[in-house]
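**Student:** Take the position in the sequence shown, starting the count at 1, then add 357; the result is the number in the numbering used here.
Glycine residues also receive a C-beta, built at the ideal position from the N, C-alpha and C atoms.
All values reported here derive from a predicted model rather than from experimental measurement.
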Amino acid sequence: MLRIGIIQISIGARVGTRAVLLPGTVVEPFAEVQPGVCVDGTIKGDDVDFHEKHTTESDGTWSMLRYTLTLLLIDVLPAVSAIPAVALCAYVSWHNETQQNLLATTLVLAIPVTVLSIISYASLLTGLIRFTARYMAPGIYSRRGMHAWAAWLTHRLMSDARAGLFAFYASLLTPSWLRLLGARIGREVEVSTIVAPPSLLHADDGSFLADDVLLAPFELTGGKLVLGVSSIGKRAFVGNSGIVRPYHSTPDGSLVGVLGSAPVPSQINAGSSWLGRPAICIPRRMDALPDPKLAFDPPLRLKIARGAIESMRLIPLVISALLIESLVVSMLTVLDHCALTIAILAGGILLFTAGVVSCLIATAAKWVLMPNVAAGHQHPLWSSFVWRNELALTFVESLALPWMLRLLYGTPLLNMWLRTMGAEIGQGVWCETHRFPEAELVSLGNGVTVNRQCVMQTHLFHDRLMRLDRVTLKDGATLGPAAIPLPGTIIGSGSTIGPLSLVMRGEHVPDSSQWLGNPIRPWENSPKCA
């Protein structure tokens, strides 16, 4: 069932980053919605005089022009970075008169063209982010000045880098990449697909930042821009989709759980664990810890082995380059022998074929690299299981996703592909996400609905130990946008989990019930700001 409703955001109100407003929500004048929460109903505003909190400063012509031109720059950046590779291909093509020679040369050039494109794109990003860092000092600024523009542009570039340079992330190369961009990163730090302004990020030795963590995001309020540093202490952990706001920190040994937010610095202590939004302090489970040499202090041989496996992340990028080159050669061949109308029709068929090939290659890579994934198993960070799992994920994110997967959301074709990856998917399933880290541990019953940005979180990684378990949605269950079920969860038949909700590890949700919140609680009893 599709639910549509009006959302009203009143004058002077503020909606935080990654927040979700449900249909029918009213945010009253000068009300504030905190980052990363789900809002349902009416949010009351402060009784503050209009002129005290609202600014009437208008956008100037130069400000509007600056943002417009920057949007164009962001769009053409990948094309500009490809110019050296295209020039190399054009030069070689000019000296190959026959189609056979051109095809052979295309195969030979695949690796150098890919490497050249990556270096060009990374260099452009580095230059731009280093430039914007000059305007990113902590402080409070006008939202229409250069500081606001620099913060907005940095956020866009770092978000785009996760897609264009996905092979850089969750690897040995990630800390060096972030240091190059201006971040202060300590030794033995593990960083996944984070989004952060590098100049405002401090991560101490042995810290762990998981997938989609947001750090030091710029904040807008009352016409002002707030910039501040986020600091991660020694061996601190921030779970998937966690948020650490400006001027917030996680002390040594502390933990912020999946989809959680770090509390204010006066509340959080070293070694403490926090869950949810707003954050609540919880006792830490004393699970079995891995061998320190497989977690924080690996020997050189393991670093070399990991580096060798991670270097193979170049393979899906090379295959993508080969697909592009093959498409170009094929289109030139069609144009040589057919009319323009036929060539246009053939172009669509060739693109679809390339997309199917990319998905099949990702599936093949998964079963070659990860044939035996089982619930209940545990694997330390410095083990080939974890590295091969990330390599298989790179084939999905860097090959299948850009070529086809993102176009298949909400279609039976996505369900078909997920089944090839090992997921159990029933009839009539509506799925708008491909994020099944270990697909064979996911079971979706008949008529299940999985909304956008959901993650089937079949593993947890705190203490640098990967713990695997199943995630099950029974017939007719619904998972709201950006909701996350943790390993071992079972969502009962006909039950609904609201947006941005967290289903705790091992939790069994009863049939025909509604739940909302982080962590979840009965929807009808949930506060207005979940």
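Does the segment 724-744 touch the segment 822-834, meaning 3 or more C-beta pairs lie closer than 8 Å?
**Tutor:** yes
**Student:** Could I get the ranges of all uninterrupted beta strand (DSSP E) runs contained in the segment 735-801, with 3 residues as the minimum, in chain order?
**Tutor:** 735-737 and 799-801
**Student:** May I ask which residues mark the beginning and end of the beta strand (DSSP E) holding Ala560?
**Tutor:** In the sequence shown, residue 560 corresponds to position 203, counting from 1. Element bounds for Ala560: Leu558 to Ala560.
**Student:** Helix, strand or coil, according to DSSP, for Phe387 in the structure here?
**Tutor:** Your numbering for residue 387 matches position 30 in the sequence shown. Coil, per DSSP.
**Student:** What separation, rounded to the nearest whole angstrom, lies between the Cα atoms of Ser528 and Val384?
**Tutor:** One-based indexing of the sequence shown puts residue 528 at position 171. One-based indexing of the sequence shown puts residue 384 at position 27. Near 41 Å, if we compare the C-alpha coordinates of Val384 and Ser528.
**Student:** For the segment 618-647, list the beta strand (DSSP E) runs that are entirely contained and at least 3 residues long, ordered along the chain.
**Tutor:** Taking 3 residues as the minimum length, the beta strand (DSSP E) runs contained wholly in the segment 618-647 are 630-632 and 637-639, in order along the chain.
**Student:** On the three-state DSSP scale, how would you describe Phe565?
**Tutor:** To locate residue 565, count along the sequence shown from 1; it is residue 208. Strand, per DSSP.
**Student:** Quick check on Gly373: does DSSP put it in helix, strand or coil?
**Tutor:** On the sequence shown, residue 373 is found 16 positions in, with the first residue counted as 1. Gly373: coil per DSSP, three-state reduction.
**Student:** Can you tell me whether Tyr604 is helix, strand or coil according to DSSP?
**Tutor:** Taking the first residue of the sequence shown as position 1, residue 604 is located at position 247. In the three-state scheme derived from DSSP, where H, G and I count as helix and E and B as strand, Tyr604 is classed as coil.
**Student:** Let me make sure I understand the geometry here. Which of Leu566, Ala567 and Pro555 has the alpha-carbon closest to that of Phe575?
**Tutor:** Residue 575 sits at position 218 when you count from the first residue of the sequence shown. Selected option, being the one with the closest Cα: Pro555.
**Student:** Short of 6 Å in beta carbon distance, which residues of its chain neighbour Tyr766, apart from the five on each side in sequence? Order them along the chain.
**Tutor:** Within the sequence shown, residue 766 is the residue found at index 409, counting from 1. Here the set comprises Glu789.
**Student:** What's the call for Phe709, buried or exposed, on a 16-neighbour Cβ count within 10 Å?
**Tutor:** By one-based count along the sequence shown, residue 709 stands at place 352. So Phe709 ends up on the exposed side.
**Student:** Who does Met823 pair with in a DSSP beta bridge?
**Tutor:** As a first step, residue 823 is located in the sequence shown; it is residue number 466 there, counting from the start. Residue pairing by DSSP places Met823 opposite His736 in a beta bridge.
**Student:** What residues in its chain sit with their C-beta under 6 Å from that of Val828, if we drop five residues either side in the sequence?
**Tutor:** Stepping through the sequence shown from its first residue, residue 828 is reached at position 471. Closer than 6 Å at the Cβ level, and outside the excluded window around Val828, lie Val799, Met813, Thr815, Pro842 and Thr846.
**Student:** I'd like to know whether the C-beta atoms of Gly599 and Val621 end up nearer to each other than 8 Å.
**Tutor:** Working through the sequence shown from its first residue, we reach residue 599 at position 242. Working through the sequence shown from its first residue, we reach residue 621 at position 264. Contact flag unset, no.
**Student:** Measuring CA to CA, which of Gly849, Leu680, Met727 and Pro856 is closest to Pro794?
**Tutor:** By one-based count along the sequence shown, residue 794 stands at place 437. When only C-alpha atoms are compared, the closest one is Met727.
**Student:** Using the DSSP secondary-structure output, state which residues sit across from Ser499 in a beta bridge.
**Tutor:** For the purposes of this step, residue 499 is taken as residue 142 along the sequence shown, with counting starting at 1. Per DSSP, Lys581.
**Student:** When burial is assigned at 16 or more other CB atoms within 10 Å of the CB, is Pro884 buried or exposed?
**Tutor:** Translated into positions along the sequence shown, residue 884 becomes position 527. For Pro884, the pLDDT reaches just 46, beneath the cut-off of 50, and the residue's location in the model is therefore unreliable, although a value from the coordinates is still provided. Classification for Pro884: exposed.
**Student:** Between the segment 522-536 and the segment 661-674, do three or more beta carbon pairs fall short of 8 Å?
**Tutor:** yes
**Student:** Go through its chain and collect everything with a Cβ distance to Ile666's Cβ below 8 Å, but skip five positions before and after it.
**Tutor:** Translated into positions along the sequence shown, residue 666 becomes position 309. Cβ neighbours of Ile666 beyond the five flanking positions: Ser741, Trp744, Arg745 and Leu748.
**Student:** Taking the alpha carbon of Gly539 as the point to measure from, which residue in Ala731, Gly590 and Leu485 has its own alpha carbon closest?
**Tutor:** Within the sequence shown, numbered from 1, the residue matching residue 539 stands at position 182. Closest by alpha carbon: Leu485.
**Student:** Roughly how many angstroms separate the alpha carbons of Gly855 and Ala757, rounded to a whole number?
**Tutor:** Counting from one through the sequence shown, the residue named residue 855 turns up at place 498. Counting from one through the sequence shown, the residue named residue 757 turns up at place 400. Looking at the backbone, the Cα of Gly855 and that of Ala757 are separated by about 29 Å.
**Student:** Got a sec? Which residues, its chain only, sit under 6 Å from Leu535 by beta carbon, not counting five neighbours each side?
**Tutor:** Numbered from 1 along the sequence shown, position 178 holds the residue referred to as residue 535. Here the set comprises Ile542 and Pro555.
**Student:** When burial is assigned at 16 or more other CB atoms within 10 Å of the CB, is Phe594 buried or exposed?
**Tutor:** Taking the first residue of the sequence shown as position 1, residue 594 is located at position 237. Burial call: buried.
**Student:** Considering only DSSP beta bridges, list what Glu576 is partnered with.
**Tutor:** Looking up residue 576 in the sequence shown gives position 219. Val583.
**Student:** Exposed or buried, which one is Glu881 when buried takes at least 16 other CB atoms within 10 Å?
**Tutor:** Position 524 of the sequence shown, counting from 1, holds the residue named residue 881. Answer is exposed; the Cβ neighbour count stays below 16.
**Student:** Assess contact between the segment 380-398 and the segment 466-485, defined as three or more Cβ pairs (one per stretch) separated by less than 8 Å. Is contact present?
**Tutor:** no
**Student:** Extract the residue ranges of the beta strand (DSSP E) inside the segment 460-548, only unbroken runs of 3 or more that lie entirely within it.
**Tutor:** 496-499
**Student:** Exposed or buried, what is Thr853 when buried is set at 16 or more other beta-carbons lying within 10 Å of its beta-carbon?
**Tutor:** Taking the first residue of the sequence shown as position 1, residue 853 is located at position 496. By the 10 Å Cβ count, Thr853 comes out buried.
**Student:** If we count the other Cβ atoms within 10 Å of its Cβ and call it buried at 16 or more, is Gly373 buried or exposed?
**Tutor:** Taking the first residue of the sequence shown as 1, we reach residue 373 at position 16. By the neighbour-count criterion, in which a residue is buried when 16 or more other Cβ atoms sit within 10 angstroms of its Cβ, Gly373 is buried.
**Student:** If you draw a straight line from the C-alpha of Asp868 to the C-alpha of Val805, how long is it?
**Tutor:** As a first step, residue 868 is located in the sequence shown; it is residue number 511 there, counting from the start. As a first step, residue 805 is located in the sequence shown; it is residue number 448 there, counting from the start. Cα to Cα, Asp868 sits roughly 13 Å from Val805.
**Student:** Pull up the CB-CB distance for Gly585 and Leu566, whole angstroms please, since I reckon it's below 8 Å.
**Tutor:** Your numbering for residue 585 matches position 228 in the sequence shown. Your numbering for residue 566 matches position 209 in the sequence shown. Beta-carbon to beta-carbon, Gly585 and Leu566 are separated by about 17 Å, too far to satisfy the 8 Å threshold.
**Student:** Is the beta carbon of Cys811 less than 8 Å from the beta carbon of Ala834?
**Tutor:** By one-based count along the sequence shown, residue 811 stands at place 454. By one-based count along the sequence shown, residue 834 stands at place 477. Result no, Cβ atoms of Cys811 and Ala834 do not sit closer than 8 Å.
**Student:** When the Cα atoms are used, what is the spatial distance from Tyr424 to Ala494?
**Tutor:** Start at 1 with the first residue of the sequence shown, and residue 424 comes out as number 67. Start at 1 with the first residue of the sequence shown, and residue 494 comes out as number 137. Distance between the alpha carbons of Tyr424 and Ala494: 20 Å.
**Student:** Name the DSSP bridge partner or partners of Trp724?
**Tutor:** Position 367 of the sequence shown, counting from 1, holds the residue named residue 724. According to DSSP, Trp724 bridges with nothing at all.
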